[in-house]
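These notes concern the structure reproduced below.
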Amino acid sequence: MVRRGQNPAKFVGSVARPERITVAVLTYIPFLSGFHREGLDVLRACLNSLWSATDLPHDLLVFDNGSGPEARDFLLESQSQGRIQYLLLSDKNLGKGGAWNIIFQAAPGEILAYADHDVYFHPGWLARSLEILETYPKVGMVTSRPFRTPAEFCQSTLDWAEAAADVQVEQGSFIPWETFREFDLSLGQSEDEIRRHYETSQDIRLTLRGLPAMVGASHWQFVAHKDVLQEFLPFEMERPMGQVRELDRRMDEAGYLRLMTAEPLVMNMSNALEGVSDQGRIPRPRAARGLRRRILEFTPLKRLLLYCYNAVFQWYYGA
551 MVRRGQNPAK FVGSVARPER ITVAVLTYIP FLSGFHREGL DVLRACLNSL WSATDLPHDL
611 LVFDNGSGPE ARDFLLESQS QGRIQYLLLS DKNLGKGGAW NIIFQAAPGE ILAYADHDVY
671 FHPGWLARSL EILETYPKVG MVTSRPFRTP AEFCQSTLDW AEAAADVQVE QGSFIPWETF
731 REFDLSLGQS EDEIRRHYET SQDIRLTLRG LPAMVGASHW QFVAHKDVLQ EFLPFEMERP
791 MGQVRELDRR MDEAGYLRLM TAEPLVMNMS NALEGVSDQG RIPRPRAARG LRRRILEFTP
851 LKRLLLYCYN AVFQWYYGA
């Protein structure tokens, strides 16, 4: 074989360098019906808010976990427009753990800001989160909004705060009711459940060198050092969902702090755009409580219908 000419790359004097921060978004929208009916609209809202509200230089990496053609076409178009720097397409759903195994190694930046595709971003989210990450010692992850997380994953943070002489520790109700309600509504909880949760739990707020942070964090959105995240690889999760708190648990057991910003700088949209506008949060209307709704909320019937829905989903889209 004879080479014909010289590779033009030999004459290129420089190459692009990745940004220090990689923002990574994980997507999974297998079809546009049922639970995922508004999935593409939610993804668009997520990325549009990310593009407009991210205030620090970064590269965007999107990992698509086996979505249908509508979501993939949107992602490919966005990449062709230069809005996504790295696009990884999987032909099957690897689960969140499987996707993390790839994302946590493939992200080129030293800081990784991760989010599920149903996160809505507000201005200042990245700078505020990074400030906490780089001010507090041995921080494992920072979530960009306050909410009340399970105490079982915060023991290392509480132990550090109790022993540190230069940290102010306060316990009380610091999250405003509307901010608290907004988040718990996105989890599908009822007004009564949310009110009961709010009245029977408290927040723990830390202040170090004048910078407040709430105790807690979560796997659905966080900012972290990539080398710290790589300590917990690989994730071997048997199901696509249901074991996602493994990162929270491992990080706490390894002695890392898990913190949140004091202000709500991201929002969990879940699977619908209700309560979201281009300007940010708007009140979510209460569901009508008519006869049909009361019948559907009857616990035995609700469990049966949801079981059937889950069974059909697994038949078509399960592993």
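Residues in the sequence shown are numbered consecutively from 551, following the numbering used here. Virtual Cβ for every residue (Gly too), placed ideally from N, Cα, C.
Query raised in the report: What alpha helix (DSSP H) runs, 4 residues minimum, are completely inside the stretch 656-693?
Result: As far as the stretch 656-693 is concerned, its whole alpha helix (DSSP H) runs of at least 4 residues are 675-685.
Query raised in the report: What is the C-beta distance between I682 and H775, in whole angstroms, given that I count them as a contact (C-beta under 8 angstroms)?
Result: Actually they do not touch by this definition, with Cβ atoms about 12 angstroms apart.
Requested in this report: Out of V692, E588 and T572, state which residue places its alpha-carbon closest to the alpha-carbon of L600.
Outcome: In this structure, T572 is the residue among V692, E588 and T572 with its C-alpha nearest to the C-alpha of L600.
Requested in this report: Just list the beta strand (DSSP E) runs in the stretch 734-808, keeping only unbroken ones of 3 residues or longer that don't cross its boundaries, in chain order.
Outcome: For the beta strand (DSSP E) assignment, the uninterrupted runs of no fewer than 3 residues enclosed by the stretch 734-808 are, from N- to C-terminal side, 753-758, 761-765 and 771-775.
Query raised in the report: Would you say F654 and D802 are within 8 angstroms of each other, going by their C-beta atoms?
Result: Taking C-beta atoms as the reference points, F654 and D802 fail to come closer than 8 angstroms.
Query raised in the report: By a C-beta neighbour count over all protein chains shown, 10 Å radius and 16 as the cutoff for buried, is V719 buried or exposed?
Result: Exposed, since its Cβ has fewer than 16 Cβ neighbours within 10 Å.
Query raised in the report: E684 to E588, Cα distance in whole Å?
Result: Distance between the alpha carbons of E684 and E588 is about 37 angstroms.
Query - Three-state secondary structure (DSSP) of R834 - result: Residue confidence for R834 is low, a pLDDT of 43 falling below 50, so the modelled location carries little weight; the figure read from the coordinates is stated next. Note: R834 maps to coil in three-state DSSP.
Query raised in the report: Given a threshold of 16 other Cβ atoms within 10 Å of its Cβ, counted over all protein chains shown, does A713 qualify as buried or as exposed?
Result: Counting other Cβ atoms within 10 Å of its Cβ, A713 stays below 16 and is therefore classed as exposed.
Report task. Examine the Cβ distances between the stretch 668-680 and the stretch 808-828 and report whether three or more of them are shorter than 8 angstroms. Result -> Contact holds between the stretch 668-680 and the stretch 808-828, because three or more Cβ pairs, one in each stretch, are under 8 angstroms apart.
Query raised in the report: Among all the DSSP beta bridges, which residues are the ones paired with E720?
Result: In the DSSP output, where bridge partners are listed per residue, E720 has R755.
Requested in this report: Determine the DSSP secondary structure at A701, reduced to helix, strand or coil.
Outcome: Correct three-state label for A701: helix.
Query raised in the report: Which residue from R731, Y578, Y857 and F624 puts its Cα closest to that of F613?
Result: Ranking the options by Cα distance to F613, first place goes to Y578.
**Report entry** As assigned by DSSP and simplified to three states, the class of A574
**Finding:** In the three-state reduction of the DSSP assignment, A574 falls in the strand class, which pools E and B.
Query raised in the report: So what does Y636 bridge to, in DSSP terms?
Result: Partner(s): L611.
**Report entry** contact_flag[the stretch 766-783, the stretch 622-634] where n(CB pairs < 8 angstroms) is 3 or more
**Finding:** Verdict: no, contact absent.
Requested in this report: Run the CB neighbour count on L644, radius 10 Å, all protein chains shown included, and call it buried at 16 or more, exposed below.
Outcome: It is buried - the Cβ of L644 has at least 16 other Cβ atoms within 10 Å.
Query - Spatial distance of R831 from N598 (CA atoms) - result: Note that R831 has pLDDT 44, beneath the 50 cutoff, so the model's placement of it is unreliable and the number below is only indicative. Each residue's Cα considered, the two are about 15 angstroms apart.
Query raised in the report: Which first and last residues belong to the alpha helix (DSSP H) in which V592 is found?
Result: Run containing V592: G589 to A603, per the alpha helix (DSSP H) assignment.
Query raised in the report: According to DSSP, what are the bridge partners of N651?
Result: In DSSP, N651 forms no bridge with anything.
Requested in this report: Tell me whether the beta-carbon of E620 lies closer than 8 angstroms to the beta-carbon of L582.
Outcome: Going by beta carbons, E620 and L582 fall inside the 8 angstroms limit.
Report task. Take L797 as the anchor and find which of K646, R567 and S640 has the nearest alpha-carbon. Result -> Taking L797 as reference, the option from K646, R567 and S640 with the minimal CA-CA separation is K646.
Query - Sheet register partners of N643 (DSSP bridge) - result: DSSP lists no partner for N643.
Query raised in the report: What are the residues that DSSP puts in a beta bridge with V816?
Result: Answer is F671.
Query - Beta-bridge pairing of M551 - partner residues as DSSP gives them - result: Beta-bridge partners of M551 (DSSP): none assigned.
Requested in this report: Write down the C-beta distance between N821 and D668 rounded to the nearest angstrom, noting that I regard them as a contact closer than 8 angstroms.
Outcome: Confirmed, about 7 angstroms.
Report task. Could you tell me whether the stretch 750-758 touches the stretch 720-735, using the rule of 3 or more Cβ pairs below 8 angstroms? Result -> Contact holds: three or more Cβ-Cβ distances are below 8 angstroms.
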